[in-house]
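Peer 1:
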Amino acid sequence: MACKLVAFSFLLFSSLLLTISASLSLADNVTVTVRAVTAIQETDGNLVCATIDWWPKEKCDYGWCPWYNSSIINLDLTNPILYNAVKAFKTLRIRLGGSLQDQVIYGIGKYRKGCEDFKKDPNGLFTFSSGCLTMSRWDEINAFFSKTGAILTFGLNALNGRERAINSTEYVGPWDATNARHFIKYTVSKGYKIESWEFGNELCGDGVSAKVNATRYAMDLIKLKKIIHRMYRGFNAQDRPKLLTPGGFFNMPWFAEMLQVSGPDVVNVVTHHIYNLGPGNDNRLINRILDPFYLSQVAKMYKAVQYVIRNFGPWSTPWIGESGGAYNSGGKGVSDSFVDSFWYLDQLAMVSVYGHSVFCRQALIGGNYGLLDPTTFVPNPDYYSALLWSQLMGKQVLQTTNNGSPYFRSYTHCSKNGQGVTSLFINLSNSTSFDVSFVGDYNIYPENASYQGERGPREEYHLTPEGGNLKSRVMLLNGQPLKLTADNQIPELKPSIVDGDTPLRIAPYSIAFIRYRNFNAPACTP
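For reference, each letter of the sequence shown is one residue, going 23 to 548 in this note's numbering.
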């Protein structure tokens, strides 16, 4: 009897092992279909954008103080890794701004003397005093970004001159433009190229720590637009900076009123912020990042923004002016690790589908969500995700569908600087691989709509975490770790060249950019 029990236990154990083994090697076939005749949207040529904030090292959340010296005021612009990281994009869009920007004084004119940094102040917005940007620091900033080829957006102080209403977070009265006008005049006189000026930070709707009435805000936008036209008189229209606003969380009535009152050709870009993963200390961050249904919820917001602009401000375009996933400096050990790229790349792709031209990541450096580590400047995994997107994904967005699991997400753009198309495949499953068939739907002859694109070699960029650890700070590209070279250069992001007849498999918990060089896509023909 004992022998029979042992034999039965062995068979049961063996069966269990086989079941586990099978579950670990599950594979689903999925067909990805791309409508290749026309693009559904077109992004800016520089969709990828990163912010540099004003937060001083005293900024702390949940007992952590992760900003160090990464502020606009004290960031080490001589650091070679920082230089190389920005330069690698060739034309990285940078937004200078953030929570403290409406407390920034520009050290020019009567403010030239006594220009001091932010200090802790329990009575100030976000518990900080006002701070000052010296013109010598402004000179250094512009010299750095001129050398690296960056495209600059600068966020202006929109609270200057206003007074706080009694027992309210609302600020009333007209904006005092004097300091901003002197600052813009200095910038123009020095020949500094600012691609866009943004007015205010998170003052719309209910605000965060402060708010301004939409009609009052719109009237001040008209004032700022006149200043920009006057200061850039003689410039070609394409060289005149854009006006961006309001740089805050979307509130449909407020945004609609602001656009209606300001009127045509005042606001060029409507910027709004997204922190759809919740607070940085939430222990559900990873679960949310890996939940396709949760990730898709933000699409409602993107559609609503499209609706407001189409109906109240069709002369403007939407941008994500700031997004770090998790707010309050991001999630320690999550926002700076491999797993965050599931959220980040999915958001870059999703905003493209919903007509947004630019996505500004909070932050280039600083907090837990920086693309670069705030102490070593070494790139985090999301840096390489952003760089790959920038190098591979073109402006034209193609409608892409698949018949697979919700955990398999697919997006396609015309390839950047080359023929064919590039697809982004995201596998959020922890156990299932997806074997991908890629076809084009030309939608010309309904009886024969599906067409297999011309076969030929494809470029594959498979992204996985080192050691299979989703919280790894090291990203693998085709199995090789992405690390700085010996002389602190950004490594070359090389694809695997694969014959078109070779099956394409997307492994569990992995991301892949696949460039189909010979795919026939009329939408991508110049």
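The beta carbon of each residue, even a glycine, is placed where N, CA and C say it ideally should be.
1. Starting from G561, follow its DSSP beta bridges and name the residues at the other end.
2. Give the range of the beta strand (DSSP E) segment to which K264 is assigned.
3. What does DSSP give as the partner residues of Q418 in its beta bridges?
4. Does DSSP put N540 in a helix, a strand or coil?
5. State the DSSP-derived secondary structure class of N491, mapped to helix, strand or coil.
6. Any idea what DSSP makes of R184, helix, strand or coil?
7. Hey, G388 and S93: beta-carbon distance below 9 Å or not?
8. Let me confirm a value: T209 is counted as buried when at least 16 other C-beta atoms fall within 10 Å, else exposed. Which label applies?
9. Cutting at 8 Å between CB atoms, please list the residues of its own chain near Y366, excluding the five before and the five after it.
10. Taking Cβ positions, are A6 and W197 nearer each other than 9 Å?
11. At 4 residues or longer, and completely inside the stretch 143–208: list those alpha helix (DSSP H) runs for me, N to C.
12. Counting only the same chain and skipping the five closest in sequence on each side, list residues whose C-beta sits under 6 Å from that of T422.
13. Could you spell out where the beta strand (DSSP E) holding E220 opens and where it closes?
14. Are the Cβ atoms of K493 and S351 separated by less than 9 Å?
15. Since I believe G153 is in contact with D143 (beta carbons under 8 Å), could you give me their beta-carbon distance rounded to a whole number of angstroms?
16. Taking 8 Å as the line, does the beta carbon of S407 fall inside it for any heavy atom of the ligand NAP?
17. How would you call E19, buried or exposed, if buried means at least 16 neighbouring beta carbons within 10 angstroms?
18. In this structure, how does DSSP classify A7 when only helix, strand and coil are distinguished?
19. Less than 9 Å between the C-beta atoms of D83 and T454, yes or no?
20. Alpha carbons only, please: which of V291, W411 and R252 is nearest the one belonging to G270?
21. Given a threshold of 16 other Cβ atoms within 10 Å of its Cβ, counted over all protein chains shown, does S609 qualify as buried or as exposed?
22. Counting only the same chain and skipping the five closest in sequence on each side, list residues whose C-beta sits under 8 Å from that of Y193.
23. Rounded C-beta distance between V380 and W341? I'm assuming under 8 Å.
24. T170 and R117 look like a contact to me (Cβ under 8 Å); what is the Cβ gap, rounded to whole Å?
25. To the nearest angstrom, how far is the alpha carbon of Q441 from that of F150?
26. By Cβ distance below 6 Å, which residues in the same chain neighbour Q511 in space, the five residues on each side in sequence not counted?
27. Among S338, E514, K354 and R495, which has the Cα closest to the Cα of Q413?
28. Give me the Cα-Cα distance between L299 and V320, rounded to the nearest whole angstrom.
29. Taking its Cβ as the centre, do 16 or more other Cβ atoms sit within 10 Å of K112, making it buried, or is it exposed?
30. Between the alpha carbons of T191 and G227, how many angstroms are there, rounded?
31. Under 9 Å between the Cβ atoms of G416 and G478?
32. Could you pull out every residue in the same chain whose Cβ sits closer than 8 Å to the Cβ of S427, ignoring the five residues on either side in sequence?
33. Could you check how far apart the C-beta atoms of N390 and R495 are, in whole angstroms? I think they sit under 8 Å.
34. First and last residue of the alpha helix (DSSP H) that includes A58?
35. Which same chain residues, not among the five before or five after V126, have their C-beta less than 8 Å away from its C-beta?
36. Buried or exposed: which applies to T73, given that a residue is buried once 16 or more other Cβ atoms fall within 10 Å of its Cβ?
Peer 2: So, to answer that:
1. With the chain covering 23 to 548 only, the question about residue 561 has no answer from this structure.
2. Element bounds for K264: K264 to G270.
3. The bridge partners DSSP lists for Q418 are E64.
4. When DSSP states are grouped into helix, strand and coil, N540 belongs to the coil group.
5. Coil.
6. Here R184 sits in coil by DSSP.
7. Yes, Cβ-Cβ distance for G388 and S93 is below 9 Å.
8. Flag for T209 reads buried.
9. The answer, listed in chain order, is G347, R383, D404, S407 and A408.
10. Outside the shown range of the chain (23 to 548) lies residue 6, about which nothing can therefore be said.
11. DSSP runs (the alpha helix (DSSP H)) wholly in the stretch 143–208: 157–170.
12. So the qualifying residues of the chain are V56, S432, Y433 and T434.
13. Counting along the chain, the unbroken beta strand (DSSP E) around E220 starts and ends at S218 to F221.
14. Between K493 and S351, the C-beta gap is not smaller than 9 Å, which leaves the two residues out of contact.
15. Contact between D143 and G153 is ruled out by a C-beta separation of about 11 Å, above the 8 Å threshold.
16. Of ligands this structure carries none, so the ligand NAP is not represented either.
17. The requested residue 19 is not part of the displayed model; the chain covers only 23 to 548.
18. Within the shown structure, residues of the chain are numbered from 23 to 548, placing residue 7 beyond reach of any answer.
19. Here D83 is not near T454, since their CB atoms are 9 Å or more apart.
20. Selected option, being the one with the closest Cα: V291.
21. This structure cannot settle anything about residue 609, because the visible part of the chain is limited to 23 through 548.
22. Excluding residues within five positions, the ones whose Cβ falls inside 8 Å are L181, R184, E185, R186, A187, L225, A232, K233 and V234.
23. Contact flag correct, Cβ pair sits at about 4 Å.
24. In fact, because the Cβ distance is near 15 Å, the residues do not count as touching under 8 Å.
25. Between Q441 and F150, the C-alpha separation is close to 51 Å.
26. The answer, listed in chain order, is N106.
27. For the residues S338, E514, K354 and R495, the minimum Cα distance to Q413 belongs to E514.
28. If you take the alpha carbons of L299 and V320, they lie about 10 Å apart.
29. It counts as exposed.
30. Those two C-alpha atoms are separated by around 11 Å.
31. In this structure, G416 keeps its C-beta atom at 9 Å or more from the C-beta atom of G478.
32. If we look at S427 and ignore the five residues flanking it on each side, its Cβ neighbours are D50, V52, S451, T454 and F456.
33. The pair is not a contact, with the Cβ atoms about 11 Å apart (cut-off 8 Å).
34. Unbroken run through A58: none, as it is neither H nor E.
35. Once the five neighbours on either side are set aside, the close Cβ partners of V126 are W76, S152, G153, C154, L155 and N179.
36. Counting of Cβ neighbours within 10 angstroms places T73 among the buried residues, the total reaching 16 or more.
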